[in-house]
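Peer 1: Have a look at this one.
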Amino acid sequence: PMDIIERWLDSSSPWTWIRSTMASSLPLLLPLIPSLFITYTRTLHRHAITILFSSLNEHLHLFATGFVSAPESAVSI
Numbered sequence: 024p025m026d027i028i029e030r031w032l033d034s035s036s037p038w039t040w041i042r043s044t045m046a047s048s049l050p051l052l053l054p055l056i057p058s059l060f061i062t063y064t065r066t067l068h069r070h071a072i073t074i075l076f077s078s079l080n081e082h083l084h085l086f087a088t089g090f091v092s093a094p095e096s097a098v099s100i
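Set out below in structure tokens:
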């Protein structure tokens, strides 16, 4: 069954058109990839730092108030 599907995909005009379009648009997209990647990692990094600090603050607050003797994550590992 897979051979038939593959043969149909190869013979069908939309698929070949999509493939040729992708191949032709790839060189145009390549210069944009690094900037997109940098923007994505920057925002991700900022979010990660914010999350890390908020969780640390929570842990410190719990330590200070004496609710938690040790973080559960450290115990489970």
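Taken in order, the sequence shown gives residues 24 to 100; the numbers are from our numbering.
Just so you know, even glycine gets a beta-carbon here, dropped at the ideal spot from N, CA and C.
#1: Just list the alpha helix (DSSP H) runs in the segment 48-97, keeping only unbroken ones of 4 residues or longer that don't cross its boundaries, in chain order.
#2: In whole angstroms, give me the CA-to-CA distance for Tyr63 and Pro54.
#3: Can you name, in chain order, every residue of its own chain whose Cβ lies under 8 Å from the Cβ of Ser58, other than the five neighbours on each side?
Peer 2: On the basis of the data shown:
#1: Runs found: 55-88.
#2: In the sequence shown, counting from the first residue as 1, residue 63 sits at position 40. In the sequence shown, counting from the first residue as 1, residue 54 sits at position 31. Going by C-alpha positions, Tyr63 is about 15 Å away from Pro54.
#3: Translated into the one-based positions of the sequence shown, residue 58 becomes position 35. Contacts found: none.
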